[in-house]
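Chemist: Let me give you the structure first, and then I'll get to my questions.
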Amino acid sequence: MRNLAAQTLLPVDTALAVALLVLLLAAATAAAVFRLAPDGSRG
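Read left to right, the sequence shown gives residues 135 to 177 (our numbering).
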């Protein structure tokens, strides 16, 4: 029973970790673009 639970939860943990990583990467990219872009290019 415990093995089944572990096998069921592992993909969820992996998906959650990947989603977190993607969010972090997106936030870092957005911050970098925002900082590198000149003020005139916004809007």
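We put the CB at the ideal spot given by N, CA and C, even for glycine.
1) Roughly how many whole angstroms lie between the Cα atoms of leucine 138 and alanine 149?
2) To the nearest angstrom, how far is the alpha carbon of alanine 161 from that of leucine 155?
3) Rounding to the nearest angstrom, what Cα-Cα distance links leucine 143 and leucine 159 in this structure?
4) Taking only the alpha-carbon atoms, compute the straight-line gap between alanine 164 and proline 145 and give it to the nearest angstrom.
Modeler: In short:
1) What you label residue 138 is simply residue 4 of the sequence shown in a count that begins at 1. What you label residue 149 is simply residue 15 of the sequence shown in a count that begins at 1. Using only the alpha carbons, I get a separation of about 18 angstroms.
2) In the sequence shown, the residue the question calls residue 161 occupies position 27. In the sequence shown, the residue the question calls residue 155 occupies position 21. When rounded, the distance between both Cα atoms is 10 angstroms.
3) Working through the sequence shown from its first residue, we reach residue 143 at position 9. Working through the sequence shown from its first residue, we reach residue 159 at position 25. Using only the alpha carbons, I get a separation of about 24 angstroms.
4) Reading the sequence shown from its first residue, position 30 is the one you call residue 164. Reading the sequence shown from its first residue, position 11 is the one you call residue 145. Cα to Cα, the separation comes out at about 28 angstroms.
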